[in-house]
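Visitor:
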Amino acid sequence: MSAVTVREVTSADIDALVEFDATLFADDAWPATTWWAELAERPRREYLVLEQDGALLAYGGVDHGGESADIMTVAVVREAQGRGHGAAMLDALEEAAGRRGATGALLEVRADNAPALALYERAGWRQLHVRRRYYQPGDVDALILGKTLLTGPAERGTTEAFGNNAGGGEGE
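So the sequence shown is residues 1 to 172, counted in the UniProt record's numbering.
(1) Residue 145 and residue 131 look like a contact to me (Cβ under 8 Å); what is the Cβ gap, rounded to whole Å?
(2) Using the three-state DSSP reduction, which class does residue 1 fall into: helix, strand or coil?
(3) Are the Cβ atoms of residue 202 and residue 5 separated by less than 8 Å?
(4) According to the neighbour-count rule (16 or more other Cβ atoms, all chains shown, within 10 Å of its Cβ), is residue 112 buried or exposed?
(5) Residue 99 lies in the alpha helix (DSSP H); which residues open and close that run?
(6) Please determine, among 1, 82, 48 and 44, the residue with the shortest C-alpha to C-alpha distance to residue 14.
(7) What does the Cβ neighbour count give for residue 10, buried or exposed, with the cut at 16 atoms within 10 Å?
(8) Looking only at its own chain, which residues have a Cβ that is under 8 Å from the Cβ of residue 20, when we skip the five neighbours before and after it?
(9) State the DSSP-derived secondary structure class of residue 78, mapped to helix, strand or coil.
Have a look at this one:
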């Protein structure tokens, strides 16, 4: 087996990404038209894939918005979950944001997505805000998480860049 590599998404990946999304997010999967629209937003939006031996293991996206980046999505194929690929993708997205000058990042996650929440907590993300009953159907809360990104060799992982009440409203 060869090494796991990270690269930018290309138009040649769209069919595989649509299929990947359909297996993970049946009701919320992105159609090809959405992927095309997202790729058209480059360089502001950047999508990466993690692959090994030509097989897609994970993908993720980041919206570069200056000092604050938004992690748009992180997904790992079911067969590859639990092997550190989500952490590798999250690291790659954080690094991409840092290279573009972001000092902080935000993301949104379903409150019932325990594996993702555990990943984000291990990676130093902290809850900043709750959007009550955001996801429908099911009235599932959306959690807004934040993290300070340091572009140098210093330690990473606080929410200082967002202040004590980032996002306002109900927090931790």
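Glycine is no exception: its CB is placed at the ideal position from the N, C-alpha and C atoms.
Guide: Taking the definition as stated:
(1) The residue you call residue 145 lines up with position 145 of the sequence shown. The residue you call residue 131 lines up with position 131 of the sequence shown. With a Cβ gap of about 12 Å, residue 145 and residue 131 do not count as contacting.
(2) One-based indexing of the sequence shown puts residue 1 at position 1. Collapsing the DSSP output to three states places residue 1 in coil.
(3) Residue coverage of the chain in this structure runs from 1 to 172, which leaves residue 202 outside it and unanswerable.
(4) Position 112 of the sequence shown, counted from the first residue, corresponds to residue 112. Looking at its Cβ environment, which holds fewer than 16 other Cβ atoms inside 10 Å, residue 112 is exposed.
(5) On the sequence shown, residue 99 is found 99 positions in, with the first residue counted as 1. It spans 85-99 - the alpha helix (DSSP H) in which residue 99 sits, taken as one unbroken run.
(6) Sequence index remark: in the sequence shown, residue 14 carries index 14 (1-based). It is 48.
(7) The residue labelled residue 10 in the question sits at position 10 within the sequence shown. Answer is exposed; the Cβ neighbour count stays below 16.
(8) Here residue 20 is taken as the residue at index 20 of the sequence shown, counted from 1. Cβ within range, chain order: 56, 59, 75 and 77.
(9) As a position in the sequence shown, residue 78 is number 78, starting the count at 1. Residue 78: helix per DSSP, three-state reduction.
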